[in-house]
Amino acid sequence: MTVMNYRKAIAEGIGRALRSDQRVVFLGEDVGAAGGAFKSTVGLYEEFGPDRVWDTPISEQAIVGAAMGAAMTGLRPIAEIMFTDFLGVCWDMVANQVAKARYMSGGQLEVPLVIRAHGGAGLGFGAQHSQTWENLLMSIPGIKVAAPSTPRDVIGLLAAAVADPDPVILLEHKALFDAKEDVPDEPFLEPLGSASIRRTGDDLTLVALSAMVPVAVQAAATLEAEHGISAEVIDLRSVTPTDTATLLQSVERTSRLMTVEENPRPCGWGAEIASIVAEEGFTFLDAPIQRVTSANVPVPFAANLEHATIPNADTVVKAVLSYS
Amino acid sequence: MTVMNYRKAIAEGIGRALRSDQRVVFLGEDVGAAGGAFKSTVGLYEEFGPDRVWDTPISEQAIVGAAMGAAMTGLRPIAEIMFTDFLGVCWDMVANQVAKARYMSGGQLEVPLVIRAHGGAGLGFGAQHSQTWENLLMSIPGIKVAAPSTPRDVIGLLAAAVADPDPVILLEHKALFDAKEDVPDEPFLEPLGSASIRRTGDDLTLVALSAMVPVAVQAAATLEAEHGISAEVIDLRSVTPTDTATLLQSVERTSRLMTVEENPRPCGWGAEIASIVAEEGFTFLDAPIQRVTSANVPVPFAANLEHATIPNADTVVKAVLSYS
Amino acid sequence: MNAAVSTDELTDWLRMMTLIRGFEERVKNLFSQGLVRGTTHLATGQEAVAVGASAALQPDDWVLGTYRGHHHALARGMSPASAFAEILGRSTGVCRGKGGSMHLTDVSHGVMGSYAIVGAHLPIAVGCAWSSKIQDLGRVAVCFFGDGTTTIGAFHEAVNLAAVWKLPAIFVCENNRYSEYTPIDQVSPVAHAAADRAAGYGIPGVVIDGNDVAAIRDAVDVAADRARRGAGPTIVEAETYRHGGHSRADPATYRPEQEVEHWLQRDPVAAVRRQLEATAEPGRAEQVETEASDQLDRALEEALAAPEPDLSTLTDDVYARAL
Amino acid sequence: MNAAVSTDELTDWLRMMTLIRGFEERVKNLFSQGLVRGTTHLATGQEAVAVGASAALQPDDWVLGTYRGHHHALARGMSPASAFAEILGRSTGVCRGKGGSMHLTDVSHGVMGSYAIVGAHLPIAVGCAWSSKIQDLGRVAVCFFGDGTTTIGAFHEAVNLAAVWKLPAIFVCENNRYSEYTPIDQVSPVAHAAADRAAGYGIPGVVIDGNDVAAIRDAVDVAADRARRGAGPTIVEAETYRHGGHSRADPATYRPEQEVEHWLQRDPVAAVRRQLEATAEPGRAEQVETEASDQLDRALEEALAAPEPDLSTLTDDVYARAL
Ligand SMILES: Cc1ncc(C[n+]2csc(CCOP(=O)(O)OP(=O)(O)O)c2C)c(N)n1
Ligand SMILES: Cc1ncc(C[n+]2csc(CCOP(=O)(O)OP(=O)(O)O)c2C)c(N)n1
Ligand SMILES: [Mg+2]
Ligand SMILES: [Mg+2]
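In structure tokens, the structure reads:
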């Protein structure tokens with residue numbers, strides 16, 4: 001075991017993949033010689049050299065296209081899109097090409113690639129550098145989508161993504177870079193489509209993803225300590241596939257569900273989770289499912305506005321207390 | 001009143017806008033001299049000439065960018081993106097630029113543009129020419145999003161969109177081109193954010209959009225005739241803004257809700273509607289909200305597969321009958 | 001260079017060009033009969049580009065094309081029966097009926113997909129070329145696209161990346177003078193929409209007669225050689241013409257009659273036929289044509305006899321295994 | 001051409017360049033003190049481009065820039081107090097605190113936005129130019145962008161559209177040799193990433209000394225003239241250098257020391273100062289500098305005294321009226 005922060009875990013995870021599978025190559029803007037815009041890929045270029053770690057021009061369509069073509073022809077590329085928001089400039093490549101190639105070709109083409117991006121708000125990067133698009137990606141069949149909330153999951157989900165025969169999008173969160181955790185030294189893998197129970201509880205289920213997981217955990221602690229409410233916290237980890245079973249089992253016990261998501265409310269992943277549970281677990285529920293989401297605004301710059309935009313432990317606690 | 005089909009109504013609506021407001025300009029690929037890839041803009045170039053109707057290169061980013069710059073500086077552009085799927089190649093322009101400019105500038109920039117696209121499945125156009133992305137667009141704050149189901153609404157919603165100070169995305173459906181309806185000859189406008197009750201009923205509410213509206217109406221007729229079930233059909237018309245009030249009023253009476261949407265299930269607009277109603281109308285509901293959606297696949301080409309992908313009146317009727 | 005073309009080569013070319021021409025004529029008929037759904041884009045008149053390029057390639061090279069891609073797929077060896085079946089939406093289609101006319105794919109013949117969003121396949125082709133370089137496979141990736149495709153962003157990103165990384169990619173522009181109904185000179189400010197851009201990427205850009213099989217073969221040969229040497233990509237702009245409309249029932253009335261006439265005179269299939277007749281024994285051309293026609297008739301019959309895909313396959317191949 | 005520069009002009013230029021330089025030094029300090037959140041991209045060393053271009057423009061012309069855009073906004077007349085306040089996230093910020101350092105916008109001075117997705121503003125600038133043409137306003141739209149921006153698709157689409165429609169747009173590339181940490185020659189295969197592409201669009205592409213205010217003014221002047229005549233766009237590539245790192249605390253160690261030294265010698269602010277000293281009465285330069293510094297101190301004080309935005313404004317300006 002080694003204690004490692006989330007930022008370091010990114011390079012560690014990519015390094016492990018490059019080390020264990022010669023088919024893995026890594027590309028993106030400034031990921032090599034510079035060690036990444038967030039220093040999240042430091043050391044990889046030095047260890048693996050320019051044949052495995054490729055610095056690209058500012059050409060997101062070409063980055064994803066290059067990864068796709070390479071994946072179709074025997075490699076296992078990991079492509080970095082620096083900020084999740086920039087998926088906008090290569091959305092066609094992700095949603096119309098990568099996601100559909102296997103299906104349109106009747107199974108002939110395989111696209112085993114990984115696209116990683118740094119997303120999320122809270123750090124003052126403004127409206128075009130702070131989004132979380134798990135929900136948009138979740139709406140596209142043909143890709144898998146995961147978002148780690150801990151260093152261990154950064155490595156484990158990446159290992160699963162690289163091993164996966166399908167395209168996987170991994171969304172890391174900038175606000176989690178300094179989170180620390182013990183990480184196994186030996187190879188391990190966290191399966192896609194398996195949620196993780198971060199805290200057990202009986203009175204209600206909080207389901208969260210990425211940076212909202214620590215928020216939910218903190219809220220649960222406060223609820224327990226100050227209000228005697230026992231909340232279970234489920235880290236969804238991947239939105240596609242969705243681990244519906246773990247969710248339903250939890251709600252069957254707690255009878256209440258609240259989703260905690262960092263994205264504007266309309267068509268968030270919370271709406272999907274809420275709808276699934278409302279359909280399949282209707283009889284379990286004692287009260288309407290509540291959704292705590294970001295405000296329905298582009299992410300504002302000013303500190304107080306930005307903090308008011310995204311959910312925090314306080315807003316979750318308040319929402320729970322006012323739960324009908 | 002003039003009887004007009006949906007395809008003709010598109011040109012009629014754009015023509016009315018060009019005629020009544022000199023600030024309106026229209027641009028897109030082959031929209032001018034050729035009258036549109038679907039012949040949905042026939043006659044406009046002849047009437048208004050090359051200063052009002054602009055044929056563009058195949059450059060969707062530049063098309064939306066041009067419309068945005070023009071909207072910021074006094075014009076009211078209508079931009080055509082030929083197929084909804086092609087919003088993928090200009091997703092950044094739509095979701096990160098057009099949608100956020102007003103907010104990021106603290107209200108200084110205004111972007112009163114309209115982007116129209118032809119979407120939808122059912123006609124054998126395959127996976128990259130058949131999508132409906134109302135749900136993706138609905139998840140982006142800063143834009144309004146509507147999808148007409150009738151010729152009258154094509155004209156009325158376009159009139160509202162052109163008059164609106166905000167960017168509006170209008171998604172027309174290829175499968176509706178031949179639908180006919182009486183259309184007023186005098187100017188009129190269908191407000192954004194106002195749903196339309198297409199059929200009244202007492203036993204359950206079906207909410208649909210675009211090409212799913214006639215499907216729901218047909219299903220309701222069958223339910224009434226063959227099963228004595230009285231279904232109310234609500235045409236949502238715009239997903240942003242959402243007419244929650246009309247929905248809740250209906251569900252308050254019927255106590256049951258089914259969404260009928262043409263897009264893969266995860267994070268569809270149906271999930272959002274279901275979640276809103278489940279939260280705000282929990283006590284009205286006698287049974288879980290059901291969602292009838294497309295299969296979670298890229299749209300396949302073969303006729304039988306494609307028809308099995310999208311909901312039809314039969315699948316809706318069956319779903320209603322098996323409603324718990 | 002045509003001097004260097006043997007009678008056997010001419011025979012092969014005529015066989016393939018006749019096959020493509022006949023294939024597309026049948027597709028057109030099927031479409032008119034309502035048996036082909038959606039849309040279909042014929043390459044009638046542009047066959048030489050596909051056949052000439054294929055003549056320069058190795059069996060394990062890769063090609064990527066567009067919605068107007070029947071000719072590329074057939075020229076690489078896709079079976080006409082499975083192509084017909086695909087376009088008819090049958091279970092025996094090369095994509096099991098999921099792709100259709102716009103998405104013919106045949107990995108066994110290096111046809112790494114036909115893509116229907118303009119420009120999207122250029123970066124993907126660059127990825128194949130990058131993969132060849134990394135794995136030292138010596139393969140080239142050929143990307144076919146139209147003149148109108150030079151105005152979309154992906155074109156620029158793809159060519160730039162291939163150029164800076166010196167990848168074994170060949171960008172073959174089939175300049176048929178129109179993107180849908182729009183003449184290329186209305187949307188592109190340079191005389192040769194593709195080749196005139198090459199200098200901006202520091203790579204060769206050549207303009208050739210796209211109706212001359214040998215000229216295309218030679219140009220792609222030079223480009224492939226350069227690519228395999230590690231010297232980087234080439235843009236080959238082949239000037240050609242589609243005899244019919246953009247798609248489906250487009251009567252293409254926007255084109256001047258003389259222009260159409262001019263190009264019909266330069267029909268590439270007729271040209272190869274004339275060449276063959278000049279060197280081969282009498283009757284060879286007819287024989288080739290009859291064989292191709294018979295092959296197509298059998299293939300179509302086979303395709304028409306095939307069932308629709310089983311409904312149970314609807315959710316296959318979204319992922320490697322169902323979620 | 002510098003002969004034609006009057007002392008008054010030099011005085012104005014030095015005033016504005018000193019203002020920009022001082023503004024950004026203060027921003028840097030504020031950032032180090034933790035008072036500026038997120039990131040900030042300084043144009044220290046590139047001031048001449050903004051000041052030179054502005055000198056060639058009319059008050060009602062439009063400019064669009066990037067996350068590295070303080071200099072453009074100030075050169076066009078944005079008030080330093082409202083710029084500071086914006087960067088500090090205060091209610092009196094020019095964007096009411098919603099935009100931040102990367103999104104300075106001041107419509108009253110024709111600053112039609114600063115955009116933080118590389119390349120996105122080029123098509124938008126083209127739209128402004130198109131609007132000017134349609135409305136016959138005689139205005140030009142100037143778009144500032146970096147060398148690295150020439151590799152993204154939007155660049156290509158924007159320049160192509162402006163060229164075919166002959167729009168009054170001016171594409172000003174500030175070639176500071178790096179995109180973030182990557183040298184431009186590693187990602188672009190031509191010597192002049194912007195100007196060498198101009199021929200591919202049939203438009204003029206000029207390369208100028210980006211640290212020479214008069215040279216920039218003259219080049220933009222020629223381009224503006226051409227634009228207003230309806231002759232179409234121009235690419236102006238200004239060779240310059242940022243003295244510091246890409247953003248925030250980037251120490252820019254990836255740059256050779258000699259290169260940095262070479263460019264520090266060519267500091268545009270020092271150059272204008274020397275020119276002014278050569279023609280104006282003694283003390284004029286110092287006076288200008290003191291005034292600028294005082295103005296900045298007052299502006300910063302004002303900004304620091306301003307409150308955070310009221311929380312009630314959070315949902316303002318998503319739409320014209322709340323939904
Ligand atoms: C991004 C995108 N925009 C528009 C279209 C619609 N479209 C299909 S083919 C075509 C014309 C393409 O012209 P060209 O590249 O010259 O190829 P050609 O059809 O002549 O072979 C257009 C505009 C598309 N498929 N994708
Ligand atoms: C589409 C996109 N990709 C990547 C980035 C991250 N990024 C911000 S600035 C920058 C470098 C831009 O270089 P250049 O165009 O030369 O401008 P400079 O910063 O040198 O002024 C990059 C890669 C971005 N903002 N947008
Ligand atoms: Mg063409
Ligand atoms: Mg730069």
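Chains as they are written, first to last, in my numbering: chain A, 1 to 324; chain B, 1 to 324; chain C, 1 to 323; chain D, 1 to 323. Quick reminder that beta carbons are idealized off the backbone N, C-alpha and C, glycines included. As the structure is a computational prediction, the values presented were derived from the model and not from experiment.
When rounded, the separation of the alpha-carbon atoms in C:ALA280 and C:ARG26 is 28 Å.
For A:PHE26 and D:LEU19, the gap between their C-alpha atoms comes out near 43 Å.
C-alpha of C:GLU47 to C-alpha of B:ILE140: approximately 45 Å in a straight line. For C:GLU239, the three-state secondary structure derived from DSSP is strand. Closer than 7 Å to the CB of B:MET72 there is not a single CB belonging to chain A. Residues are counted here when their Cβ sits less than 8 Å from a Cβ of chain A; for the segment 162–195 of chain D these are SER179, GLU180, TYR181, THR182, GLN186, VAL187 and SER188, given in chain order. Among the CB atoms of chain A, one or more fall inside 7 Å of the CB of B:LEU136. The beta carbon of B:SER139 sits closer than 7 Å to some beta carbon of chain A. Counting only runs of 4+ residues, the alpha helix (DSSP H) found wholly inside the segment 73–133 of chain B occupies 101–104, in chain order. Counting C-beta pairs with one atom in each stretch, the segment 56–71 of chain A and the segment 63–80 of chain B have fewer than three that are closer than 8 Å, which means they do not touch. A straight line joining the alpha-carbon of B:VAL42 with that of B:PRO148 spans about 19 Å. Across the segment 8–35 of chain A, CB contacts with chain C closer than 8 Å involve VAL25, in sequence order along the chain.
Around the CB of D:GLY138, fewer than 16 other CB atoms lie within 10 Å, so the residue is classed as exposed. Taking a cut-off of 8 Å on C-beta distances, the segment 158–176 of chain A touches the segment 200–215 of chain A, as three or more cross pairs fall below it. Counted as a single uninterrupted DSSP element, the beta strand (DSSP E) harbouring B:ALA146 occupies residues 144–146. Put simply, the CB of C:GLY148 is far from chain D, with every gap to its CB atoms at 7 Å or more. Chain order gives no chain C residues near A:PRO311, where near means a beta carbon separation below 8 Å; the closest approach is about 28 Å. A:PRO298 reaches chain B at ALA99, LYS100, TYR103, MET104, PRO141 and GLY142, counting residues in chain order whose Cβ is nearer than 8 Å. When secondary structure is reduced to three states using DSSP, D:CYS143 falls in the strand class. At a Cβ-Cβ threshold of 7 Å, A:ARG16 and A:PHE177 do not count as neighbours.
Under the DSSP assignment, B:VAL24 falls in the beta strand (DSSP E) whose first and last residues are 24–28.
Secondary structure of B:LYS39 (DSSP, three-state): coil. 7 Å or more divides the Cβ of A:ASP153 from the Cβ of A:MET1. When C-alpha distances from B:ASP166 are compared across B:ALA179, B:PRO151, B:LEU192 and B:ASP185, the shortest belongs to B:LEU192. For C:LEU296, the enclosing alpha helix (DSSP H) begins and ends at 284–305.
Scanning A:GLU306, A:PHE301, A:SER130 and A:LYS100 for the CA closest to the CA of C:ASP317 turns up A:LYS100.
Within the DSSP secondary-structure output, D:PHE171 pairs in a beta bridge with D:CYS143 and D:ILE235. For the C-beta of D:ILE216, not a single chain C residue is nearer than 7 Å; the gap to the nearest is close to 23 Å. Bounds of the beta strand (DSSP E) holding A:GLN290 are 290–294. Residues of chain B whose Cβ lies closer than 9 Å to the Cβ of C:PRO309 are, in chain order, PRO300, ALA302, ASN304 and LEU305. Taken in chain order, the members of the segment 199–233 of chain C whose beta-carbon sits within less than 9 Å of a beta-carbon on chain D are ALA199, GLY200, TYR201, GLY202, ILE203 and GLY232. The nearest non-hydrogen atom of ligand 2 is 6 Å or more from the C-beta of A:MET93. Within the segment 191–255 of chain D, the complete alpha helix (DSSP H) segments of 4 residues or longer fall at 213–228, listed in chain order. Using beta-carbon distances, B:ALA146 does not count as an interface residue toward chain D, since no partner is under 7 Å.
Residue-level contact check: C:ILE117 touches chain B, since one or more beta carbons of chain B fall below 7 Å from its beta carbon.
Exposure of A:ASP314 is indicated by the presence of fewer than 16 other C-beta atoms within 10 angstroms of its C-beta.
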